[in-house]
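Trainee: Per this note's numbering, the very first residue in the sequence shown carries number 22; after that it's consecutive.
Even for Gly, the Cβ is constructed at its ideal location relative to N, Cα and C.
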Amino acid sequence: TPPDALGATVYTRAGLGEDTRITVGMADDTRLVARELDVEGVDIGLRSWPDDPEWADFAAGRVEAGIPALEGLIGTDWPVEGRFAVRETVEPNLYGYAGWFDARSNEIAVGEALDADTIYHELSHAWFNRGLSTERWLTEGLAQVYAAELVRRDGADPRVPAEPPADSPGALPLTDWAADVTETDRVTEEYGYDTSFWVLDVLVDEIGFDRTRDVVTVLRNATSPYDPDAPAALPDAEWQRLYDAFVEVGGATNTGDLFRSHVVGPGDGGLIEQRDRAAADVAELAQRSTPWALPVGVRNQLERWDVDDVEESVLAADDVVERRSVVESIEEVTGVAEPDPAGDVYASAPAPARGAVDFSEATALLDESIRLGDQLVDRQRRIVELADPAEVTPPDVADIDGVEDFATGLAAADTQLLAVERIIEVEDELSSASGPLVSIGRWGADIDADIDEARAELESGNAEAALDTLATADGRIDDLALAGAVRVLVAGALVIALALVAFVLTRHRRRPGDEIDQDPEPAGEAARSAPRSISFRRSAT
22 TPPDALGATV
32 YTRAGLGEDT
42 RITVGMADDT
52 RLVARELDVE
62 GVDIGLRSWP
72 DDPEWADFAA
82 GRVEAGIPAL
92 EGLIGTDWPV
102 EGRFAVRETV
112 EPNLYGYAGW
122 FDARSNEIAV
132 GEALDADTIY
142 HELSHAWFNR
152 GLSTERWLTE
162 GLAQVYAAEL
172 VRRDGADPRV
182 PAEPPADSPG
192 ALPLTDWAAD
202 VTETDRVTEE
212 YGYDTSFWVL
222 DVLVDEIGFD
232 RTRDVVTVLR
242 NATSPYDPDA
252 PAALPDAEWQ
262 RLYDAFVEVG
272 GATNTGDLFR
282 SHVVGPGDGG
292 LIEQRDRAAA
302 DVAELAQRST
312 PWALPVGVRN
322 QLERWDVDDV
332 EESVLAADDV
342 VERRSVVESI
352 EEVTGVAEPD
362 PAGDVYASAP
372 APARGAVDFS
382 EATALLDESI
392 RLGDQLVDRQ
402 RRIVELADPA
412 EVTPPDVADI
422 DGVEDFATGL
432 AAADTQLLAV
442 ERIIEVEDEL
452 SSASGPLVSI
462 GRWGADIDAD
472 IDEARAELES
482 GNAEAALDTL
492 ATADGRIDDL
502 ALAGAVRVLV
512 AGALVIALAL
522 VAFVLTRHRR
532 RPGDEIDQDP
542 EPAGEAARSA
552 PRSISFRRSA
562 T
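(1) Report the residue ranges of all alpha helix (DSSP H) runs contained in full by the region 235-320; include only those spanning at least 4 residues, in chain order.
(2) Is the beta carbon of Arg52 less than 7 Å from the beta carbon of Pro71?
(3) Compute the Euclidean distance between the alpha carbons of Phe557 and Leu515, then round it to the nearest angstrom.
(4) If you count every other CB in all the chains shown that lies within 10 Å of the CB of Pro316, and 16 or more means buried, which is it?
(5) Taking all protein chains shown into account, do 16 or more other C-beta atoms lie within 10 angstroms of the C-beta of Ala48, making it buried, or fewer, making it exposed?
(6) Within a Cβ cutoff of 8 Å, which residues of the same chain sit near Glu480, ignoring the five residues on either side of it in sequence?
(7) Can you tell me the Cβ-Cβ gap for Val335 and Val319, rounded? I've got them flagged as a contact below 8 Å.
(8) Which residue's Cα is closest to the Cα of Arg344: Leu386, Gln308, Ala177?
(9) Check this for me: beta carbons of Glu92 and Asp59, under 7 Å apart or not?
(10) Using C-beta distances below 6 Å, list every residue in its chain close to Gly213, excluding the 5 sequence neighbours before and after it, in chain order.
(11) Does DSSP put Arg375 in a helix, in a strand, or in coil?
(12) I'd like to know whether the C-beta atoms of Val181 and Leu221 end up nearer to each other than 7 Å.
(13) Could you say which of Ala187, Pro186, Gly162, Asp278 lies nearest to Val225 if we only look at CA atoms?
(14) The alpha helix (DSSP H) spanning Phe79 covers which residue range?
(15) Would you call the CB atoms of Ala192 and Asn150 closer than 7 Å?
(16) By how many angstroms is the C-alpha of Ile472 removed from the C-alpha of Ala492?
(17) Where Gly290 and Glu61 are concerned, what is the direct C-alpha to C-alpha distance, given to the nearest angstrom?
(18) Whole angstroms is fine: what's the gap from Glu406's alpha carbon to Thr311's?
(19) Measuring straight from C-alpha to C-alpha, what distance separates Asn275 and Val268?
(20) Just mark Phe524 as buried or exposed, buried being the case when its beta carbon has 16 or more other beta carbons within 10 Å.
(21) Quick one: is Asp98 buried, meaning 16 or more other Cβ sit within 10 Å of its Cβ, or exposed?
(22) What's the C-alpha gap between Arg108 and Glu332?
(23) For Ala477, name the three-state secondary structure that DSSP assigns.
(24) Does the distance from the CB of Thr216 to the CB of Pro194 come in under 7 Å?
(25) Measuring straight from C-alpha to C-alpha, what distance separates Asp395 and Arg443?
(26) Please report the distance separating the alpha-carbon of Asp449 from that of Arg400.
(27) In three-state terms, what does DSSP make of Glu43?
(28) Between Val239 and Val270, is the Cβ-Cβ spacing less than 7 Å?
(29) Could you tell me the distance, in whole angstroms, from the CA atom of Ala440 to the CA atom of Gly356?
(30) Could you give the distance in angstroms between the alpha-carbon of Ala35 and the alpha-carbon of Pro74?
(31) As a quick exercise: from Thr233, Trp260, Asp435, pick the residue whose alpha carbon is nearest that of Gly272.
(32) Measuring straight from C-alpha to C-alpha, what distance separates Ser455 and Asp422?
(33) Does the region 297-306 come close enough to the region 350-369 that 3 or more CB-CB pairs lie under 8 Å?
(34) What does the Cβ neighbour count give for Pro113, buried or exposed, with the cut at 16 atoms within 10 Å?
(35) For the putative contact between Glu324 and Asp265, defined by C-beta atoms under 8 Å, what is the C-beta separation to the nearest angstrom?
(36) Could you check the C-alpha separation between Ala518 and Arg528 for me, to the nearest Å?
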């Protein structure tokens with residue numbers, strides 16, 4: 022009808038059935054009384070009915086006390102930027118709610134009741150409805166748990182949840198609880214609120230608010246429940262991420278039972294059991310992998326709940342860890358530390374779309390280390406075997422300058438082994454050298470001193486110098502016969518020279534004028550019977 026004298030208009034609708042329900046809400050917000058609240062760092066305006074100052078005072082006190090209390094419990098500052106409103110209205114009541122939080126308009130709408138629980142509950146949604154989770158049961162359950170805690174801190178009696186029976190009207194898995202509050206079934210709504218409150222209360226009661234703060238932080242930041250510094254690989258179902266957070270971050274031990282009984286449908290109960298077994302296997306792998314980090318690919322598969330792939334990847338990772346154990350045993354035997362590039366490669370191995378994580382690069386690095394290490398062990402064993410025959414004590418390969426890994430250790434051991442072998446060979450050559458010319462060649466050669474010098478150089482860690490000294494000694498052994506022959510020739514030449522000198526000197530003693538005087542020999546018979554007399558002149562010598 023047209024407006025009457027008071028401005029009233031009548032609307033009529035015909036043909037409605039018996040079950041039709043129409044709710045009409047009318048408000049004139051220009052007549053609300055505004056009050057700025059004293060909350061440090063937060064711009065909040067309270068708007069109340071002009072004839073309800075009692076509600077305004079009550080609500081202002083709850084908001085001013087609740088925000089800092091929630092900041093402390095949740096662990097982050099007030100999350101809303103800009104102005105925020107708390108409004109007294111009947112709108113939520115018309116839909117069967119005591120109040121609601123509107124993230125679009127940054128406003129809490131609360132009914133006229135002096136209800137601290139509702140105010141705290143809706144304030145909590147400022148934290149929990151901003152990217153924490155898409156699961157309504159989590160945000161509603163957390164909000165009610167925190168509201169009850171603030172009521173308790175006020176000194177009042179908080180709401181105490183009770184477990185709804187399985188045959189409750191409106192019972193359903195909480196993951197199926199719809200988020201649309203405009204088209205609701207009252208019985209289902211009541212079951213959803215009551216059950217989510219009870220489930221979250223049980224979880225928070227076990228782990229406490231400190232660990233719950235950690236759970237909320239991981240969920241808000243979308244970080245891995247296994248590594249808070251890494252982004253999470255999100256599973257297909259949001260409830261799976263929540264489960265991991267409460268188990269791995271919160272440490273809740275009853276999460277599986279709660280989720281199976283109230284959160285998920287019957288078809289997902291077995292998946293939870295598979296996930297728990299896979300998580301236990303991964304936790305044991307993480308222990309075996311230490312000091313290496315858990316492979317990111319294995320972690321991502323577990324985060325995605327790819328439980329079959331996790332099983333394959335754990336087996337593949339164990340094969341790598343076993344190879345590392347072989348390298349460690351070689352390090353212990355040789356005393357040489359092998360650098361660990363395989364650790365970083367192992368930890369960074371990504372998850373494929375399907376199947377086990379590929380650890381081939383880490384395996385190849387370890388296999389190469391094992392190959393070099395086995396050769397180094399063999400060289401060291403051979404050095405020990407030959408040390409006594411060579412009468413030398415070489416230093417440990419690990420103590421030689423420049424040895425930094427199996428490769429450089431093997432090079433040093435090869436040089437060391439060659440020096441030990443050459444000492445034995447040179448001594449054998451020296452011992453087997455025979456013959457008169459060799460014996461003459463050894464006079465004064467003192468090749469034994471060269472071999473002793475090589476031993477000293479080897480024991481000081483300078484195998485290269487020892488080899489140079491032994492090469493010199495070996496060459497001198499080869500030249501012993503020649504040196505003997507040279508010495509014989511030199512000696513013979515000296516003898517001949519001395520003889521010539523003596524002859525020459527003797528000839529030089531007979532100078533002119535030193536003739537021999539002889540009487541004329543008698544002839545004939547007289548010569549045969551006459552005595553001979555010889556006289557010399559005085560010689561000059």
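Mentor: In this structure, then:
(1) 259-265, 276-279, 290-310
(2) yes
(3) Confidence is the limiting factor: at Phe557 the pLDDT is only 43, short of 50, which leaves the residue's position unreliable, though a coordinate-based value still follows. Distance between the alpha carbons of Phe557 and Leu515: 35 Å.
(4) buried
(5) exposed
(6) Val413, Thr414, Pro415, Pro416
(7) 7 Å
(8) Leu386
(9) no
(10) Trp198
(11) coil
(12) no
(13) Gly162
(14) 74-95
(15) no
(16) 10 Å
(17) 47 Å
(18) 37 Å
(19) 9 Å
(20) exposed
(21) exposed
(22) 54 Å
(23) helix
(24) no
(25) 23 Å
(26) 22 Å
(27) In the sequence under discussion, the amino acid at residue 43 is Ile, which differs from the Glu named in the question. Three-state DSSP puts Ile43 in coil, outside helix and strand.
(28) yes
(29) 21 Å
(30) 41 Å
(31) Thr233
(32) At Ser455, the pLDDT of 47 sits below 50, so the modelled position is not reliable and the matter cannot be decided from this model.
(33) no
(34) buried
(35) 7 Å
(36) 15 Å
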